[in-house]
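A.B. asks:
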């Protein structure tokens, strides 16, 4: 390089460093980039420097340490709003020339639209891609802001400050009950939540600004700064640019109506990526920026017990991601009371379990109940007191507290959904999403590619464009039939896996039971004898735990298969828009994972031990007996199954794949990479972001799916596992920090998209909450012993206690009635004449031997009545609660109408003053007098707005107090 060129580069590096110092000095509290003053560059130009020369090493130097990121074009003035990247073509010349031509046409159309581009081509063979930087001038931004009907902040002196509310107070659904009571409650709550609040000096609170739909004709209404380029925040700028990129053509063929949009170009490998830049570094020592602020106070593990800075999340990532984290945070907060109640119920169960009469009678060796064998041939007769530990564990979960907790969680599910609708309405208002209208989506690139040779076309009713079309009866129906037939097959595959686990349980339990006759009475190894005795005494527990772990492993494997097949089947359906595609994949994956996760739990809860028959006449399947519930009932097995699948899936599997695995992959890549730290530091900001993982459109889908499945575990089977909410709370606290850290550090910056709600997931959650009421009713009635105990206590007990309940639930069997194929064959079994088994049947000496007894029908009727009463009462009360709690807070409704009124008044008064030829200052003064229209608003300390008559000189203070409405 010539000496003069080197001097130019040094001068430009010096100019960039001085610009970085300007950035540091002028960084605003909200984290957005301020204007870069070109004084340093101008001075260098005056001395002969060339500010247009850009060297990547200079950019890399700029990004080190406290110097911040270069987010601008070479001139240091125009901000990089979007980056287009394409990798070097190794294909044949035909594809290479096609891609080059397509990019040239596309970029030409972007320039004609008014966007400004700057190319950064590869100068080294080591570089992975070329880049095109995109900047949207103010004129383009304002034009599309008007088209997209974006709401922008109006001038502060045009807004009546007295009518602005503290909307955080409006978010709470209890506000409308009693303002005075709520003032006291919120005062206590504030003191409780103070340790969990963020430091406002470090994370400044973003107040809501009064906004109006932007109009270039009424620009005088809006709070436009002197530097107009800072009027639109960075997220809005990137969203407008993305909107333009999705609509521009890359073909000159007018008949090729679908060669348009950046998504189609990425799908055709013309570009490999299109993304907006992160606003700075997140690592310690970096210059202050919004990304670092979010990492330090949101994604950092030391803040895992702090509230989320949702306003900053929304400003940086957009409303769609902001709504997800708002919902996740609200769901996690609602888990706190459920966790406390569940923990109290669990402690209550531990306290009452050893003292309950059923457990005492089982553990008493004096009650020498000889039980019938648990399997044919080799299984021995056994004593009931050997299942003492299992019985005590069952009583921990099978007690009166379980019924209370099931009722509580039914109400909790309804309150959670109703309160979320109110919180959602509040966030929609704060984030200007109330009048959100989803724009008409273009056809998916994959849809157009699959129908490239389609001969059927029709006019789209909305856009009026001629689109390829698949005939419904001849094309779509066969595809849908095949797709859902495969789905049913996959569902049966999960059920078949459950049967496999059942076979494992039956065989292992039988093998462990055989140990009793081969157990050594004396051995040189006391450890072997003790271990053998322990395994035999806890054979049911060992079998249940190992079977649940195997079932979890099968679930993980099937999930990987289901995910791939669900996307493959949805691709076959050839759906037109992204929304149709997302809804279809949501239905498939949720249905498949519902069957996969819940089938084994449903089997234990509702089918295990129900249709086994009786000794001497067992119901067999494939020649083998079905498994029975343990002596303490099936509820403890259901609890173990839930605990292992739920906690294993969430706390270990999900956290490993989302937290540990990415770090391992990153560490391996770092070890294999030949790039030095200096070379890495020399890379430009867009090159570093290019190396990050792309933010997929389905990323939020998997996050929602994970939480919805968790909600199903909590509500559908909560009667069996009161600690479920506590484990979910712990998982969600970790989940929020993992998801936020992943968004900030591992992914390219996602598009700041808008969405007013959580979409179809609310309907799924509502459906689960309805299913949960029925499920918990049947779990209490069928799986637990609550109803038999209540029947015995109220109809058969002699002293109003459960004393004698155990003998009451045991039927008699004469061993001579065993069929030859099922009779025990081990030595000594012929000496047993009578054995007992859990059922309500007549004894062998009865006239109707082994038939269901009157007690059986009494309990069955009581179970049926309980299910009907429980279901209808809970449905009625939850429906009443949902009806009593309005979806939108009353105060918020008033405020929405009030703002609409004030917006009209501002526009009307301003237009009138402009028509009269008055100056803007006079207009603003007159607009501030809108309060003289007749009403004004005053805000009290709680954030409640009082509507008052305007003051008049003749009114006394007492009279003014009476004017409050």
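In full-length UniProt numbering, the protein residues as written are 1 to 965. A virtual CB, placed ideally from N, CA and C, is assigned to each residue, including glycine.
#1: Pull up the CB-CB distance for residue 303 and residue 312, whole angstroms please, since I reckon it's below 8 Å.
#2: How is residue 249 classed by DSSP in three states: helix, strand or coil?
#3: In terms of residues, what are the limits of the alpha helix (DSSP H) holding residue 582?
#4: Can you look up residue 983 in the DSSP assignment and give me helix, strand or coil?
#5: Quick check on residue 762: does DSSP put it in helix, strand or coil?
#6: Among 634, 554 and 422, which has the Cα closest to the Cα of residue 756?
#7: What is the DSSP secondary structure of residue 990, counted as helix, strand or coil?
#8: Starting from the C-beta of residue 789, find all residues in its chain whose C-beta is less than 7 Å away, skip the five residues before and the five after it, and write them out in chain order.
#9: Helix, strand or coil: which one does DSSP assign to residue 633?
#10: May I ask you to verify whether the segment 142 to 155 touches the segment 93 to 103, counting CB pairs closer than 8 Å and requiring at least 3?
#11: Look at residue 103 and residue 270 and say whether their C-beta atoms are less than 8 Å apart.
#12: Just the Cα atoms here: how many angstroms apart are residue 3 and residue 72?
#13: Would you call residue 776 buried or exposed, if buried means 16 or more other Cβ atoms sit within 10 Å of its Cβ?
#14: Which of the three DSSP states, helix, strand or coil, is assigned to residue 809?
#15: Give every residue of the same chain whose Cβ lies closer than 7 Å to the Cβ of residue 634, excluding the five residues on either side of it in the sequence, and list them in chain order.
#16: By DSSP, does residue 304 sit in helix, in strand, or in coil?
#17: How far does the beta strand (DSSP E) with residue 838 in it extend, from its first residue to its last?
#18: What does a CB cutoff of less than 6 Å around residue 508 pick up in its chain, not counting 5 residues either side in sequence?
#19: Return the chain-ordered ranges of every alpha helix (DSSP H) run that is complete within the segment 777 to 828 and spans a minimum of 4 residues.
#20: The alpha helix (DSSP H) that contains residue 746, what's its start and end?
#21: Would you say the segment 841 to 860 touches the segment 369 to 377, given that touching needs at least three Cβ pairs under 8 Å?
#22: Identify, in the order they occur along the chain, each residue of the same chain with its Cβ nearer than 8 Å to the Cβ of residue 155, setting aside the five sequence neighbours on each side.
#23: Quick check: what's the CA-CA separation for residue 577 versus residue 324?
#24: Using the Cβ count rule (16 or more neighbours within 10 Å means buried), how would you classify residue 195?
#25: Beta carbon of residue 142, beta carbon of residue 216: below 8 Å?
#26: If you reduce the DSSP assignment to three classes, tell me which class residue 272 lands in.
#27: Using DSSP with H/G/I as helix, E/B as strand and the rest coil, what is residue 130?
#28: Can you name the start and end residues of the alpha helix (DSSP H) that residue 653 belongs to?
#29: Which same chain residues end up closer than 6 Å to residue 551 when comparing Cβ atoms and leaving out the 5 residues on each side of it in sequence?
#30: Nearest to residue 969 by alpha carbon, out of 541, 429 and 337?
#31: Can you list, in chain order, the residues of its chain with a C-beta nearer than 7 Å to that of residue 260? Leave out the 5 residues immediately preceding and following it.
#32: Relative to the alpha-carbon of residue 427, which residue among 359, 320 and 335 has its alpha-carbon at the smallest distance?
#33: When the Cα atoms are used, what is the spatial distance from residue 151 to residue 436?
#34: For residue 316, count neighbouring C-beta atoms within 10 Å of its own C-beta (all shown protein chains included) and say buried if the count is 16 or more, exposed if not.
#35: Taking Cβ to Cβ, would you say residue 299 is nearer than 8 Å to residue 235?
#36: For the beta strand (DSSP E) containing residue 867, list its first residue and its last residue.
C.D. replies: Straight from the coordinates:
#1: Residue numbering aside, residue 303 sits at position 303 when the chain shown is read from its first letter. Residue numbering aside, residue 312 sits at position 312 when the chain shown is read from its first letter. Not quite, the Cβ-Cβ distance comes to about 13 Å (not below 8 Å), so this is no contact.
#2: Counted from its first residue, the chain shown places residue 249 at position 249. In the structure shown, residue 249 sits in a strand (DSSP, three-state: E or B).
#3: Start at 1 with the first residue of the chain shown, and residue 582 comes out as number 582. Judged by DSSP secondary structure, residue 582 falls within the alpha helix (DSSP H) whose first and last residues are 578 to 606.
#4: Coverage of the chain is limited to positions 1 through 965, which leaves residue 983 absent and any answer about it impossible.
#5: Locating residue 762 in the chain shown gives position 762, where the first residue counts as 1. In this structure, residue 762 counts as helix in the three-state DSSP scheme.
#6: Translated into positions along the chain shown, residue 756 becomes position 756. It is 422 whose Cα lies nearest to the Cα of residue 756.
#7: Residue 990 is absent from the model: the chain starts at 1 and stops at 965.
#8: The residue you call residue 789 lines up with position 789 of the chain shown. Answer for residue 789: 802 and 805, listed in chain order.
#9: Against the chain shown, residue 633 aligns to sequence position 633. In the structure shown, residue 633 sits in coil (DSSP, three-state: anything other than H, G, I, E or B).
#10: The segment 142 to 155, when compared against the segment 93 to 103, does not touch it at the 8 Å Cβ threshold.
#11: Your numbering for residue 103 matches position 103 in the chain shown. Your numbering for residue 270 matches position 270 in the chain shown. The Cβ atoms of residue 103 and residue 270 sit closer than 8 Å to each other.
#12: On the chain shown, position 3 is the one that residue 3 refers to. On the chain shown, position 72 is the one that residue 72 refers to. Residue placement at residue 3 is poorly supported in this model, since its pLDDT is 42, which falls under 50; the coordinates still yield a value, given next. Note on geometry: alpha-carbon atoms of residue 3 and residue 72 lie some 27 Å from one another.
#13: Counting from 1 along the chain shown, the entry for residue 776 is found at position 776. Buried: at least 16 other Cβ atoms inside 10 Å.
#14: Here residue 809 refers to the residue found at position 809 when the chain shown is read from its first residue. Three-state DSSP puts residue 809 in coil, outside helix and strand.
#15: Position 634 of the chain shown holds residue 634. Excluding its 5 nearest sequence neighbours in each direction, residue 634 has C-beta neighbours in its own chain below 7 Å: 604, 608, 609 and 783, listed in chain order.
#16: Stepping through the chain shown from its first residue, residue 304 is reached at position 304. Residue 304: coil per DSSP, three-state reduction.
#17: Residue mapping note: residue 838 aligns to position 838 of the chain shown, counting from 1. Where residue 838 is concerned, the enclosing beta strand (DSSP E) stretches over 834 to 838.
#18: Taking the chain shown and counting its residues from 1, one reaches residue 508 at position 508. Same-chain partners within the cutoff: 543.
#19: Qualifying alpha helix (DSSP H) stretches, in chain order: 786 to 791 and 805 to 808.
#20: Within the chain shown, residue 746 is the residue found at index 746, counting from 1. Where residue 746 is concerned, there is no enclosing alpha helix (DSSP H), given that its DSSP letter is neither H nor E.
#21: Flag = no, the segment 841 to 860 and the segment 369 to 377 do not touch.
#22: Position 155 of the chain shown, counted from the start, is the residue given in the question as residue 155. Result list for residue 155: 221, 222, 223 and 924, in chain order.
#23: As a first step, residue 577 must be located in the chain shown, where it is residue number 577. As a first step, residue 324 must be located in the chain shown, where it is residue number 324. Within the model, the alpha-carbon separation for residue 577 versus residue 324 is close to 22 Å.
#24: Translated into the one-based positions of the chain shown, residue 195 becomes position 195. By the C-beta density criterion, residue 195 is exposed, having fewer than 16 other C-beta atoms within 10 angstroms.
#25: Position 142 of the chain shown, counting from 1, holds the residue named residue 142. Position 216 of the chain shown, counting from 1, holds the residue named residue 216. Cβ distance < 8 Å, so residue 142 and residue 216 count as in contact.
#26: As a first step, residue 272 must be located in the chain shown, where it is residue number 272. The answer is coil: DSSP assigns residue 272 none of H, G, I, E or B.
#27: Position 130 of the chain shown holds residue 130. Strand.
#28: Your numbering for residue 653 matches position 653 in the chain shown. First-last for residue 653: undefined, no H or E at that position.
#29: For this step, residue 551 is matched to residue 551 along the chain shown. Excluding its 5 nearest sequence neighbours in each direction, residue 551 has C-beta neighbours in its own chain below 6 Å: 501 and 600, listed in chain order.
#30: A question about residue 969 goes unanswered here, because the residues of the chain that appear run from 1 up to 965.
#31: Position 260 of the chain shown, counted from the first residue, corresponds to residue 260. 247, 248, 249 and 250.
#32: The count along the chain shown starts at 1 and reaches residue 427 at position 427. Each of 359, 320 and 335 was checked against the Cα of residue 427, and the nearest Cα belongs to 320.
#33: Position 151 of the chain shown, counted from the start, is the residue given in the question as residue 151. Position 436 of the chain shown, counted from the start, is the residue given in the question as residue 436. Roughly 11 Å separates the two Cα atoms.
#34: Position 316 of the chain shown holds residue 316. So residue 316 counts as buried.
#35: Taking the first residue of the chain shown as position 1, residue 299 is located at position 299. Taking the first residue of the chain shown as position 1, residue 235 is located at position 235. In this structure, residue 299 lies away from residue 235, with their beta-carbon atoms at least 8 Å apart.
#36: By 1-based counting over the chain shown, the position of residue 867 is 867. Note, residue 867: premise wrong, no beta strand (DSSP E); alpha helix (DSSP H) at 854 to 884.
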